[in-house]
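**Student:** Protein chains in written order, with the numbering used here: chain G, 1 to 437; chain E, 1001 to 1316. We put the CB at the ideal spot given by N, CA and C, even for glycine.
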Amino acid sequence: MPSRQHVDGSAALTMPKGAMPAGAGRKAAAHHERPAPLFGRAAVPFFTPGVIGITALAAAGLAVLAARLVFGLGAVTNLNDQYPWGIWIGVDVATGVALAAGGFTTAFIAHVLHHERYHVLVRPALLTATLGYTFVALGVCVDLGRYYNIWHVLMPSMWQGNSALFEVGMCVCCYLTVLYCEFMPIVCERFRGHVNLPGLLRVFNGALEVLLRVIDNTLGRVMNFFIIMGVVLSCAHQSSLGTLMAIAPSKLHPLWHTAILPLQFLLSAFAVGLSMVVFESMLASRALKRAPEMPVLSPLARIIPFLLTVYFGSKVVDMANRGSWVYLQEFSLRTVSWGVENIVGIFIPMAILLSHRLRRRPAWLFSAAAMVVFGVALNRINVFVIGYTPPFSEGPYIPAWTEVLLTAGFIALLVLIYRLFIFLFPILPDEEGAPHA
Amino acid sequence: MVTRREFLKFTGAAAGTAALTSAAAVASTGHSNLDPARFGVLTDVTTCIGCRSCEWACAEEHKLPHGALDTYNDGEVLQTKRRPNAEAYTVVNRYLEPARGDEPLDVKVQCMHCEHPACVSACIVGALQKSPMGPVTYDAWKCIGCRYCMVACPYQIPAYEYENALTPRVMKCTMCSERTLEQGRPPACVEICPVEALLFGSREELLKIAHERIDQNPGRYHPEVHGEHAVGGTSWLLLGDRPATEFGIPKLANESPAVLTETIQHGIFRGFSGPLMLFTLLTVLMKSSTDKRHGKGWSEQDEEDNRNQDGEDHHA
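#1: Confirm the yes/no value for this check: CB of G:I303, any heavy atom of the ligand GDP, distance under 6 Å.
#2: Below 7 Å on C-beta distance, what does E:T1245 contact in chain G?
#3: Run through DSSP, which three-state label would E:M1171 get?
#4: E:V1151 and E:V1107 - do their beta-carbons sit closer together than 7 Å?
#5: Is the Cβ of E:K1287 closer than 7 Å to any Cβ of chain G?
#6: For chain E, is any of its Cβ atoms less than 7 Å away from the one on G:H152?
#7: When we look at the beta-carbon of G:F270 and count the other beta-carbons within 10 Å, is it buried (16 or more) or exposed?
#8: Where do the ends of the alpha helix (DSSP H) carrying G:W85 lie?
#9: Taking only the alpha-carbon atoms, compute the straight-line gap between G:A216 and G:R190 and give it to the nearest angstrom.
#10: Any C-beta of chain E within less than 7 Å: which residues of the stretch 221–238 of chain G qualify?
#11: Roughly how many angstroms separate the alpha carbons of G:W325 and G:M319, rounded to a whole number?
#12: What residues of chain G sit near E:P1168, judged by a beta carbon separation below 8 Å?
#13: Please compile the residues from chain E whose C-beta is within a distance smaller than 7 Å of the C-beta of G:W88.
#14: Out of curiosity, what's the CA-to-CA distance linking E:D1035 and E:R1220?
#15: On the criterion of 16 or more Cβ atoms from any shown chain inside 10 Å, does G:L266 qualify as buried, or is it exposed?
#16: When we look at the beta-carbon of G:G169 and count the other beta-carbons within 10 Å, is it buried (16 or more) or exposed?
#17: Report all residues from its chain with a CB closer than 8 Å to the CB of G:N205; omit the five preceding and five following residues, and keep chain order.
#18: Return no unless some Cβ of chain E is closer than 7 Å to the Cβ of G:S268.
#19: Buried or exposed for E:Y1148, please, with buried defined as at least 16 other CB atoms from any protein chain shown within 10 angstroms of its CB.
#20: Would G:P84 pass as an interface residue toward chain E - the criterion being a Cβ-Cβ separation below 7 Å?
#21: From what residue to what residue does the alpha helix (DSSP H) around G:F443 run?
#22: Does the distance from the C-beta atom of E:M1133 to that of E:W1236 stay below 7 Å?
#23: Mind reading off the beta-carbon distance from G:L165 to G:L99? Whole number of angstroms is fine, and I expect it under 8 Å.
#24: Considering only their Cβ atoms, is the gap separating E:G1040 from E:L1206 smaller than 7 Å?
#25: Which residues in chain E sit within 8 Å of G:V112, going by Cβ to Cβ distance?
#26: Taking only three categories from DSSP, how would you classify E:T1263?
#27: Do G:I411 and G:L127 have their CB atoms nearer than 7 Å?
#28: Hey, E:D1139 and E:A1122: beta-carbon distance below 7 Å or not?
#29: For G:H253 versus E:V1125, is the C-beta distance shorter than 7 Å?
#30: Alpha carbons only, please: which of G:Y397, G:L261, G:V136 is nearest the one belonging to G:T95?
#31: Assuming contact is defined by CB atoms lying nearer than 7 Å, are E:I1214 and E:P1223 in contact in what I supplied?
#32: Nearest CA to the CA of E:M1277: which residue from G:S157, G:C235, G:A59?
#33: If the criterion is Cβ atoms closer than 7 Å, does the pair G:T77 and G:G86 meet it?
#34: Comparing C-alpha positions only, which one of E:T1261, E:S1256, E:T1137, E:T1043 sits nearest to E:L1199?
#35: If you drop the 5 nearest sequence neighbours on each side, which residues of the same chain put their C-beta closer than 8 Å to that of G:V404?
#36: Which residues, in chain order, does the stretch 1153–1166 of chain E contribute to contact with chain G at a C-beta distance below 7 Å?
Below you can see the structure in the form of structure tokens.
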């Protein structure tokens, strides 16, 4: 399906008018004195043995989804009256939102602070955020007992401003809309000027062309608004996700329960957002047999240790303030999990990324980014699952294999769609183009 | 008053835990629209004989699965500690403490109908409501089934119909709101209790009665009525011979857990002040900052990084 054909791209999201017809090629772009295209489509075979395995996993996850819809939550989960939330909320939703933070952090650096060199990272991060949040919404719906009532959240008659969950729900809804609007110019760039539907559908070609032009031009004018809204909405719901568990002081273990949980969630989202960008950029490069984007990633990674320091600082000050460090004297799953979260997830990557030398070695950079991702993911799982200790419990919650399979299947499906999109749309930095020529 | 509240909230957001808690204390006052004559139920735990008639009456009233009334008077069931679940809004548990040499203590468990309920505060669509007259009610039609109420409840009461694939409900005691609110009749459990261990009436009156009993019989009762202050007060009150934490009530603060989260929510989002400030700041940043590629600071470091990198690549 994919060929080595290049698609011209606009230099930045904010300049969708720079979009060029695909056939025009780089020469045409140069002729019009536009910057060289930043983004191109992937150009390797789509299916590999790994991709086939991932497809199988996604299919298995969808089978569990079918079982959940037909037989109910009780049949496929180990949830009960003591543990109303399991990994579908702790991983699919809470961790999903955190790991999709790359979208707003890169948008902030590239489009608000105008660090143009990081523009090449914006589209992959935007795609991750768009797909990530789509799957967060899907994950929520799967977990909801009455998923078909999800629209109630949008009805003003049922708005409930006291609920942190309401705030999260509204923000995620709005942010998802913003993300789709931010993504549209990429779709326009790909198809504008050469919409070519087959067969009878070709009567719509003209209309679609006009539609794409209108969307492209309209969005071009208001894109700055969407970019800023994206950052504001992200800050709001990343923090509110922490407020969620603040309502259960007698259930969430004191190692994690604090009044500043929302602040900690926000600070960790900043750190994990950038780490995720590094992590997935390097994964994508490897999957597509390209050289890692080290000239962009190493300088970006320099910011991460500072963000980690602020995040960890908030934890230390809070623990000293509440005296909750005494709980670290016992040896249990929770203290071990807390230790791993902070040592593997914060200390080690911080040490690696502070080193000017190690930061520029792909293997070290990748490991450090992966550790931050792991650490923040574990933090979310600790807060929502492992640290959840209800007063009346008949034993710990251990997810059912079907819960794990659905979560794994959804992640597989996300990876698959990501791969599909980088083949279909100009998302990744153009392979042969020099981004800063 | 409002200014002080605002001020405290602002400092709370800025300075962290300590300030936040004081802001919360202020915010919690004047929260409710509760009727002064609202209903309550008083359980005198010392009077209960563990006959479990209340369990039967409750199941009968709410059309939950149940057997005949005479099958309930079965001491065997009391051997294990049970919790309310999707098929029982209330259960009785027996506490035997040989060291005290007392009679067994039987304790009825059900929703406490908090005055400032965390479940109501948590509910994303307002399916759970605190009636000004006392009961915490549930509207299954509104519910989306997120189960955040179950996470929020400090007494760990709401249960869920996990086995129902299409229309699962949150299940909990309603204080028989149809009877109490519409007909002024007592809840089914109170009506059937053969020993008047349960009293239905205005919460204020019930508190008076509880304290009279404590004053008249200090040897028999623990001096504290559970629910007078716990989690900001509850409509269901417990009078016992020992602290409530010794008969199955979790150790709880005197403030509703919802106070903290509501303070955070309203502190940040009141009048959208927080988001608006951030929006303005970002707009100014976006307009004022220019292409940093050849600028100072970060970017110079970037270039240096790159040169080093290139150098390394050449060596390799």
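**Tutor:** Quick answer:
#1: Ligands are entirely absent from the displayed structure, and the ligand GDP is therefore not among its contents.
#2: In chain order: nothing, as chain G lies at least about 10 Å away.
#3: strand
#4: no
#5: no
#6: yes
#7: buried
#8: G:W85 -> no alpha helix (DSSP H), and no H or E assigned at all.
#9: Correcting the residue type first, residue 216 of chain G is Asp in the shown sequence and not Ala. So the two alpha carbons sit approximately 11 Å from each other.
#10: N224, I228, V231, V232, C235, A236
#11: 6 Å
#12: G72, L73, G145, R146
#13: The contacting residues do not exist; G:W88 stays about 11 Å from chain E at best.
#14: 32 Å
#15: buried
#16: buried
#17: V195, N196, L197
#18: no
#19: buried
#20: yes
#21: The displayed coordinates of chain G run from 1 to 437. Any statement about residue 443 of chain G would go beyond what the structure contains.
#22: no
#23: In fact, because the Cβ distance is near 20 Å, the residues do not count as touching under 8 Å.
#24: yes
#25: L1282, L1285, M1286, S1289
#26: helix
#27: no
#28: no
#29: no
#30: G:V136
#31: yes
#32: G:C235
#33: yes
#34: E:T1043
#35: I87
#36: P1154, Q1156, A1159, Y1160, Y1162, E1163, N1164, A1165
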